[in-house]
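Chains as they are written, first to last, in UniProt numbering: chain A, 1 to 234; chain B, 1 to 247; chain C, 1 to 268. For every residue, glycine included, the Cβ atom is placed at its ideal position computed from N, Cα and C. Given the structure is predicted, the values throughout are model-derived calculations rather than measurements. First comes the structure, then the notes that go with it.
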Amino acid sequence: MEKNNNAFDVALSLLLNLDASLFQIVALSLQVSILAVLIAAVLGFPLGAAVALWRFPGRGAMIVLLNALMGLPPVVAGLMVYLLLSRAGPLGEWGLLFTPGAMVIAQVVLVLPILAALSRQKVEELLGEYREQFISLGMSRPRMMPTLLWDARFALLTILLAGFGRASAEVGAVMMVGGNIEGVTRVMTTSIVLETGKGNLPLALGLGIVLLFLVMLINAGAYLLGELTRRRTG
Amino acid sequence: MSSFNVPLLASSTLVPPPALCFDDVAFSHEDKVLLGPCSFNLDCTGPTLVMGPNGAGKSLLLRLAHGLLSPTQGRVAWSGHKRPRQAMVFQQPVLLRRSAVANLTHALAVNNVPRRTRVKLAYDALERFGLTACSNTPARVLSGGEQQRLALARAWVLSPQVLFLDEPTSALDPAAIKAVEAAVREFHQRGTRIVMTTHDLHQARRLAGDVLFVSGGKVREHTPAEAFFDAPASREAQAYIAGELVE
Amino acid sequence: MKKMLSLLLAGVTSMGLAFNTFAEEYITLASTTSTENSGLFDAIVPKFEDATGIKVRVVAVGTGQAFEIARRGDADSLLVHDTSGEQRFIENGHASERADVMYNDFVLIGPADDPARISGTQSATEAFAAIADAEATFTSRGDDSGTNRAELRLWQNAGVDPDGDWYRELGSGMGPTLNTAAAMDAYVMSDRATWVAFGNRQNLTLLFEGDDVLFNQYGSLLLSEDKHPHLKHGLARQWHNWLISDDGQQAIAEFRVKGQQLFFPNAK
């Protein structure tokens, strides 16, 4: 119990003192995860909607694959991206290994299947409801896509948050491709691993509490925004 | 499906649509014939009321006519070269998760109406159907009657030459039914050919120009309204009007 | 919805700021967790940066992984502690040059009541044999790190094939292994630097130290220009030379944790 109290004290003093290096770590964590989730959304939502809308050979296999990839261990995603971006790998020329860019790519790999699989489910549900009306209006499938994605916007926001949760909470992938370099690729989760390694358990837990607090803040913001918009537009 | 020309003003009349031909049409599902085979021509001014007991195949016939379903046998065709502009109002209106006015502008956008005219057409239609007050209300929190009127307004902005209505009043209270029937008459007066299913005999008497009677998956007769209600030709329709249970 | 999008966009734009730190000159150094966790780099790297303007990005991993990163051409320079492994690395043509930089030593840590009685032993060999005889729980890193390799050599010297319930291979870094040892009241071999800086000792204490075989030499390696022409060889050489220069050696000697000197410069 004493240890927990320490951790809360540490978390509180970290937040209150606005420690500069903590601020940098938090900012990088948010930037990497938000950018990764946005890129994954731009790719994943249309992908999910397309799988919901079109019938093509291998569609069932694709759905199974997307669902399975939702459970991809982060360290495996990290290893794949590492081998891809390593100098000896196919994209080594880009020189992205051990940079925030590499971390963004790894997180996109992790988050994309979640966004695509869950949005596929939601869009397919909505399509079932709308199909006859859409055909009656003479809409082509490509024209249905934006309508469905917009009408699923509240569900998509929730899915986006799930993706953000996975991105900001994982450590295996960013550790491997980012290298946990101080001031460059050190984020909340890799700091926690580092401090645990040093035996600074209260500090590690304190950082964990800060991370949890941030994720809660973002979720609360999104929830409020969603509620307000829902009340206005239904 | 529909190609939109210059949107028509509400007061002007529409080009009469070509005749709808059912040529030996049947629809089966898992080896069970649900409708037909049947052949008929719809070339009268209407309104055409598709009547018959529940489960007779009325909705199926409407969906085949509108093109939501393809027949498993035979051909549904419009005489002439071009499909007429058409719209459909469902028993349960399918409205988008947006405001009332956005539902109308969406339908116009889909039909390539220029952005600037969309909003004006939408508000005109909302006014016509008494929905101005709730133009910014989310469509899905409107009452059942308001939702059905919004679905009618959405059909109205598309200026359809043919309008299909599938039991549009079955879930509504009398005041809302009255509003829907008034709207149907207004469409008719504008020159839209109405094809509407109902199992309400009184409603059919109020609206029908001609009656297509369906029972047991077969089209039994297609008769002008007066003749139909006086003395139906088919045995099934006679029994139905007499108030007997007909399959 | 639009508000949220603009917020997100603002976040992304500000990202440019964070990513902009790339313009400056830097090298990527693959090194070991023991040096990073002790805080050595935090103390000496700024002095190097002041002298040369070159930033050093430290990727701290186990020695095995550090070799692998360098072999693939993903780091400009290497600072590890496995002298025989380093020599093999040169023989295989991955590195062109090696220099001794500093040493620290390994220490044997265990529960304060010392059930295997190793605190009275005269040599590391005796101490390891005593642990094996008592079958006292011992946690090994088991991660092919420099420390792990050194530990396995010491078991061999003691004529013990470590096996059985008492010997736990963790596959973890030094810090996590110490955390586990503290939780299990187990013996563990650690580098002195990580041990002194370690904050979660619980019932653990230092039981044996000082034997010459526990000597832990760190070497700096320059990587092969033939194999990896894209690396920043010029900058890496500046770092390498600085480490073994008087300035670098003095910076290492001045580094203290809790008043203790942890690394002893010994460049020739």
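With distances taken from CA atoms, which of the options is nearest residue i?
| i | options | result |
| --- | --- | --- |
| Ala-30 of chain C | C:Leu-222, C:Leu-262 and C:Asn-200 | C:Leu-222 |
| Trp-54 of chain A | A:Leu-225, A:Leu-118 and A:Leu-127 | A:Leu-127 |
| Phe-67 of chain C | C:Ala-127, C:Asp-50 and C:His-94 | C:His-94 |
| Gln-121 of chain A | A:Ala-52, A:Asp-151 and A:Ser-136 | A:Ala-52 |
| Ala-19 of chain B | B:Gly-80, B:Leu-49, B:Leu-69 and B:Leu-172 | B:Gly-80 |
| Phe-129 of chain B | B:Ala-100, B:His-199 and B:Leu-207 | B:Ala-100 |
| Thr-205 of chain C | C:Gln-156, C:Leu-108, C:Ile-54 and C:Ile-44 | C:Leu-108 |
| Met-102 of chain C | C:Arg-117, C:Ile-118, C:Gly-64 and C:Phe-215 | C:Phe-215 |
| Gly-62 of chain C | C:Val-196, C:Asp-50, C:Asp-143 and C:Glu-209 | C:Asp-143 |
| Leu-72 of chain A | A:Ala-106, A:Thr-99 and A:Leu-96 | A:Ala-106 |
So residue i packs on residue j, CB below 8 angstroms; how close in whole Å?
| i | j | result |
| --- | --- | --- |
| Ile-181 of chain A | Val-257 of chain C | So it is not a contact: roughly 22 angstroms between Cβ atoms. |
| Pro-115 of chain C | Ala-132 of chain C | Not really, about 13 angstroms apart at Cβ, beyond 8 angstroms. |
| Val-109 of chain A | Ala-77 of chain A | 5 angstroms |
| Val-157 of chain B | Ala-133 of chain B | The Cβ separation is near 18 angstroms, so there is no contact. |
| Ala-176 of chain B | Gly-145 of chain B | 3 angstroms |
| Phe-45 of chain A | Ser-119 of chain A | 5 angstroms |
| Arg-143 of chain A | Val-110 of chain B | 6 angstroms |
| Ser-182 of chain C | Arg-201 of chain C | It should be noted that the sequence gives Ala, not Ser, for residue 182 of chain C. About 6 angstroms separates the two Cβ atoms, so the contact holds. |
| Phe-40 of chain B | Thr-72 of chain B | Wrong, their Cβ atoms sit about 18 angstroms apart, outside the cutoff. |
Decide if residue i is buried, meaning its Cβ has at least 16 other Cβ atoms within 10 Å, or exposed.
| i | result |
| --- | --- |
| Thr-35 of chain C | buried |
| Tyr-223 of chain A | exposed |
| Leu-142 of chain B | buried |
| Phe-164 of chain A | buried |
| Cys-44 of chain B | exposed |
| Asp-246 of chain C | exposed |
| Asp-82 of chain C | buried |
| Gln-31 of chain A | buried |
| Asn-17 of chain A | exposed |
| Thr-147 of chain A | buried |
| Asn-37 of chain C | buried |
Are the C-beta of residue i and some C-beta of chain C separated by less than 8 angstroms?
| i | result |
| --- | --- |
| Ser-86 of chain A | yes |
| Thr-147 of chain A | no |
| Gly-78 of chain A | no |
| Gly-179 of chain A | yes |
| Gly-197 of chain A | yes |
| Leu-16 of chain A | no |
| Glu-182 of chain A | yes |
Do residue j and residue i count as a contact pair if the criterion is CB distance below 8 angstroms?
| i | j | result |
| --- | --- | --- |
| Ala-75 of chain C | Thr-32 of chain C | no |
| Leu-95 of chain B | Gln-147 of chain B | yes |
| Asp-100 of chain C | Gly-173 of chain C | no |
| Ser-77 of chain C | Trp-242 of chain C | no |
| Thr-197 of chain B | Pro-160 of chain B | no |
| Gly-36 of chain B | Gly-67 of chain B | no |
| Ala-56 of chain B | Ser-170 of chain B | no |
| Ile-209 of chain A | Phe-8 of chain A | yes |
| Leu-235 of chain C | Glu-86 of chain C | no |
| Thr-105 of chain B | Ala-122 of chain B | yes |
| Thr-177 of chain C | Arg-141 of chain C | yes |
| His-233 of chain C | Gly-73 of chain C | no |
| Val-171 of chain A | Val-193 of chain A | yes |
| Ala-130 of chain C | Thr-121 of chain C | yes |
| Leu-160 of chain A | Val-37 of chain A | yes |
| Thr-42 of chain A | Gly-206 of chain A | The displayed chain sequence assigns Val, not Thr, to residue 42 of chain A. Not in contact: Val-42 of chain A and Gly-206 of chain A (Cβ atoms no closer than 8 angstroms). |
At least one CB of chain A closer than 8 angstroms to the CB of residue i: is that the case?
| i | result |
| --- | --- |
| Met-88 of chain B | yes |
| Val-58 of chain C | yes |
| Val-110 of chain B | yes |
| Arg-141 of chain C | no |
| His-29 of chain B | no |
| Arg-97 of chain B | yes |
| Val-113 of chain B | no |
| Ala-171 of chain B | no |
| Asp-230 of chain B | no |
| Ala-183 of chain B | no |
Say the cut is 7 angstroms; is the CB of residue i nearer than that to a heavy atom of the ligand ATP?
| i | result |
| --- | --- |
| Val-75 of chain A | This structure lacks the ligand ATP; in fact it carries no ligand of any kind. |
Kindly say whether residue i, judged by its beta-carbon, lies nearer than 8 angstroms to any beta-carbon of chain B.
| i | result |
| --- | --- |
| Glu-2 of chain A | Confidence in Glu-2 of chain A is poor, its pLDDT being 42 and thus under 50, which makes the residue's placement too unreliable to answer from. |
| Gln-133 of chain A | yes |
| Arg-166 of chain A | no |
| Tyr-223 of chain A | no |
| Leu-156 of chain A | no |
| Arg-143 of chain A | yes |
| Gly-89 of chain A | no |
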